[in-house]
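Novice: Numbering (full-length UniProt numbering), first residue to last: 1 to 275.
Glycine included, each C-beta is placed from N, C-alpha and C at the ideal position.
Here's a structure for you.
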């Protein structure tokens, strides 16, 4: 390898003056990533080669805090744009191997021999710094993804319980799709919270869009209506189709006498407007 070297060069100087050779070596090591460099830059505005040099400089200058902060920044960037983690893993490992190749050449070109103790100190420092980069990159990546999933979960929960106020003390809850235990638990919690905070007196529960229910779901709806009743709120059920009625006729369903029924949501809303 034809490398530029002068006696006064520090390791930093040596790497800076052989940057193009370093990039060539890095791309040879990262066989799967090299064809993705332009794509990664286009998707996430991430300059892999430029960032690799930044990481290497932080390592040889022993700038641990800057390295960690940069690792966190990169972790968020990769998570935000859903870039493939396997590429990052290969890329950082390629940086590690390429850096050691250049440190070896620097030692061969240097007129002074490095003693064993100095070598092991340097080996520990380099590998620990790269491990720190790995650790903080993945921690930042995971934290961003976890927070994103939590936001999406809350959004889905909110959308799955569309409580619509139609009067100062009347609201409509139109349910659509399959009602499983998790979804019904969320619905129950939100309904009781809304009744308590907004002093709702009438809940119109529209079931015209629900799928046929299992017995567990019927039991949970029955318990939900009982809880609503105990909070001083009346339930009006609308939109019962044949298959829904058959589900609700289960012996597990014990609706109290406070429940009223209307054929359609429109009829229930008309009754409310007339009162």
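Per the contact definition of three or more C-beta pairs closer than 8 Å, is the stretch 128-145 in contact with the stretch 70-88?
Specialist: yes
Novice: For the alpha helix (DSSP H) that contains residue 207, what are its first and last residues?
Specialist: Per DSSP, residue 207 belongs to no alpha helix (DSSP H); it is in the beta strand (DSSP E), 202-210.
Novice: So is residue 14 buried or exposed if we call it buried at 16+ other beta carbons inside 10 Å?
Specialist: buried
Novice: Under a Cβ-count criterion, where at least 16 other Cβ atoms within 10 Å of its own Cβ denotes burial, should residue 88 be classed as buried or exposed?
Specialist: Residue 88 comes out buried.
Novice: Taking the straight line between their C-alpha atoms, what separation do you get for residue 221 and residue 149?
Specialist: 28 Å
Novice: Along the chain, where does the beta strand (DSSP E) containing residue 72 start, and where does it finish?
Specialist: Taken as a continuous stretch (DSSP letters only), residue 72 belongs to no beta strand (DSSP E), being part of the alpha helix (DSSP H) at 64-80.
Novice: Taking Cβ to Cβ, would you say residue 280 is nearer than 8 Å to residue 261?
Specialist: No information on residue 280 is available, as it lies outside the stretch 1 to 275 that the chain covers here.
Novice: Is it the case that the stretch 27-34 contacts the stretch 90-106, given that we only count it when at least three CB pairs across the two stretches are under 8 Å?
Specialist: yes
Novice: How big is the Cα-Cα spacing for residue 218 and residue 235?
Specialist: Taking the straight line joining both Cα atoms gives about 15 Å.
Novice: Does the Cβ of residue 230 have 16 or more other Cβ atoms within 10 Å, making it buried, or fewer, making it exposed?
Specialist: exposed
Novice: Quick one: what does DSSP say residue 43 is sitting in, helix, strand or coil?
Specialist: helix
Novice: Just curious, the beta strand (DSSP E) that residue 176 is in, first and last residue?
Specialist: Looking at the DSSP string, the run of the beta strand (DSSP E) that includes residue 176 is 170-177.
Novice: Would you report the Cα separation of residue 37 and residue 102, rounded to the nearest angstrom?
Specialist: Approximately 22 Å between the Cα atoms of the pair.
Novice: By a C-beta neighbour count over all protein chains shown, 10 Å radius and 16 as the cutoff for buried, is residue 247 buried or exposed?
Specialist: buried
Novice: Would you give the residue range spanned by the beta strand (DSSP E) that residue 98 belongs to?
Specialist: Here residue 98 belongs to no beta strand (DSSP E); instead the alpha helix (DSSP H) covers 85-109.
Novice: Would you report the Cα separation of residue 104 and residue 115, rounded to the nearest angstrom?
Specialist: Looking at the two C-alpha atoms, the distance is approximately 13 Å.
Novice: Going along the chain, which unbroken runs of the alpha helix (DSSP H) with 4 or more residues stay wholly within the stretch 131-165?
Specialist: none
Novice: Taking only the alpha-carbon atoms, compute the straight-line gap between residue 188 and residue 62 and give it to the nearest angstrom.
Specialist: 56 Å
Novice: Which first and last residues belong to the alpha helix (DSSP H) in which residue 193 is found?
Specialist: 181-198
Novice: Count the other CB atoms within 10 Å of the CB of residue 176; is the residue buried (16 or more) or exposed (fewer)?
Specialist: exposed
Novice: What would DSSP say about residue 31, mapped onto helix, strand or coil?
Specialist: coil
Novice: Assign residue 113 to one of three DSSP states: helix, strand, or coil.
Specialist: coil
Novice: The alpha helix (DSSP H) that contains residue 244, what's its start and end?
Specialist: 242-248
Novice: According to DSSP, is residue 6 helix, strand or coil?
Specialist: In the three-state reduction of the DSSP assignment, residue 6 falls in the coil class.
Novice: Under 8 Å between C-beta atoms, does residue 26 make it to chain B?
Specialist: No chain B is part of this structure, which consists of one protein chain only.
Novice: Below 8 Å on the Cβ atoms is my guess for residue 67 versus residue 40; work out the distance and round it to an integer in Å.
Specialist: With a Cβ gap of about 20 Å, residue 67 and residue 40 do not count as contacting.
Novice: From 80, 21, 264, pick the residue whose C-alpha is nearest to that of residue 43; which is it?
Specialist: 80
Novice: Going by other Cβ atoms of all chains shown within 10 Å of its Cβ, with 16 needed for buried, is residue 185 buried or exposed?
Specialist: exposed
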